[in-house]
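Offset between the sequence shown (1-based) and my numbering: plus 1. Report on one structure; see the data block that follows.
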Amino acid sequence: MDLSWNDFTKVDMRVGTVVKVEDFPQARNPAYKLWIDFGALGTLKSSAQITVKYKKEEILGTQVVAVVNFPEKQIGPFMSQCLVLGAVDGKAVTLLSPNKEVPNGLRIA
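Structure representation (C-alpha cells):
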C-alpha cells in the first residue's frame, strides 16, 4: 500500500528529552515507563520495550523521536500518550534520536 504525502503529514513526530524512567513490572513484555519533555507540547508518557539494549540510566536525558498524535493507549495500569520510535530487530529495539541536540518539541519532517 502506498502512502501519500498527505498521509505522512498527518503523523506528528517530535523530538523530546527523556526526563524520567521507571521499571514497568506489570507490562506483558519487559518495558520501561518513560516521561518525555516535548517543550511547548508538555511532558508525555510512553511505555517502551527497550530493555534489551538500554539500562534506565542510559536513557535518562536522551533525546528520542516519538509520534505524539496517536490516541492514548492503556497498557496495564499505565496510560501511554505517545509512541517512541525505534528500529526493531526481534526483541532488540534501537531508539531513533537526532545525532545532535535540538530543541524539545521540534517536528520531524
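Glycine included, C-beta positions come from ideal geometry on N, C-alpha and C. The structure presented is a predicted model; accordingly, all values stated were derived computationally and were not measured.
Alpha-carbon to alpha-carbon, residue j and residue i
i     : j     : result
Ile76 : Ala28 : 7 Å
Lys21 : Ile37 : 7 Å
Gly17 : Leu45 : 9 Å
Pro99 : Cys83 : 18 Å
Test item: CB-CB of residue i and residue j under 8 Å
i      : j     : result
Ala110 : Leu86 : no
Val19  : Gly62 : yes
Gly106 : Phe39 : yes
Expected contact under 8 Å - CB spacing of residue i and residue j to nearest Å
i     : j     : result
Leu42 : Val69 : 6 Å
Three-state class that DSSP yields for residue i in the structure shown
i      : result
Thr52  : coil
Thr63  : coil
Glu23  : strand
Ala110 : coil
Lys11  : helix
Leu35  : strand
Lys101 : coil
For the pair the stretch 47-57 and the stretch 19-35, tell me if three or more CB-CB distances fall below 8 Å. yes
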